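All residue numbers for the sequence shown refer to this note's numbering, where the first residue is 64 and numbers rise by one. All C-beta atoms, glycine included, are put in the ideal place defined by N, C-alpha and C. All values reported here derive from a predicted model rather than from experimental measurement.
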Amino acid sequence: MTTYRRFIETNDHEGETWNFWLQVDGNMTALDILGDRLDKLGHLMDWPFTLTAEQEEEQEVDLLVRFAESGYMAQHNKVNGSLSLPKIFTSTDFTGLDYGDVTDQVTDVLYKGGIKKLFTGGAK
C-alpha cells in the first residue's frame, strides 16, 4: 500500500485551500528537502505552501479525493509518481539569499497546484 504526505496550498485569491497528497514511496529525500525549504520561508512570512508531517495510506487518500468538495480546484488531490525538484530547491538551502527573489521563484513553481507538475511517471 502506498503512503502519501500532505502538502497544503492556501490560495487567498481564490478563497480556497487545496490539499495535495504526495506519494512518499521513492520520494522521501526530495520531500524532506522540499519540506525544509518551505519551512524556512514559512518562518519569515505568511506563506501559502506547507508540507506537513501528516501521512495517510492510499485507501484513506482515495476516500478524501472521492468525496472532496470542488471549487476552482478539488479540495483533495492525489499525486503519484517520482518527484523532481527544480534547481531553486536543490542548489541552495536558501541561506543568505534575497528572500523576495526566492519567494517569487518558489511561488512561480508551486502556485495553483504547480506541485503536481513536479511529479512524473504516475497517474494523477
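Contacting residues, own chain, Cβ-Cβ under 6 Å from residue i (five flanking each side not counted)
{"i": "G184", "result": "G144 and S145"}
{"i": "H139", "result": "N82, L127, V128 and A131"}
{"i": "E119", "result": "Y67"}
Proximity below 8 Å, CB of residue i to CB of residue j
{"i": "L127", "j": "L114", "result": "no"}
{"i": "L181", "j": "L148", "result": "yes"}
{"i": "E121", "j": "T65", "result": "yes"}
{"i": "K179", "j": "V142", "result": "yes"}
{"i": "M136", "j": "G163", "result": "no"}
Exposure of residue i, with buried meaning 16 or more beta-carbon neighbours within 10 Å
{"i": "L231", "result": "Nothing can be reported for residue 231: it is not among the residues displayed for the chain, which extend from 64 to 187."}
{"i": "E77", "result": "exposed"}
Alpha helix (DSSP H) segment containing residue i, residue limits
{"i": "V169", "result": "Y162 to L173"}
{"i": "Q118", "result": "No alpha helix (DSSP H) holds Q118; the beta strand (DSSP E) holding it covers F112 to E120."}
{"i": "K141", "result": "No alpha helix (DSSP H) contains K141, which is instead part of the beta strand (DSSP E) from H139 to V142."}
7 Å CB neighbourhood of residue i in its chain, flanking five on each side removed
{"i": "F152", "result": "I96, L97 and R100"}
Beta-carbon contacts of residue i that lie in its chain and below 8 Å, excluding the five residues immediately before and after
{"i": "V165", "result": "L104, I151 and F157"}
{"i": "K87", "result": "The sequence given here has Val at residue 87, not Lys. Counting only Cβ-Cβ distances below 8 Å, and skipping sequence neighbours, we find T65, T66, Y67, R68, L94 and Q118."}
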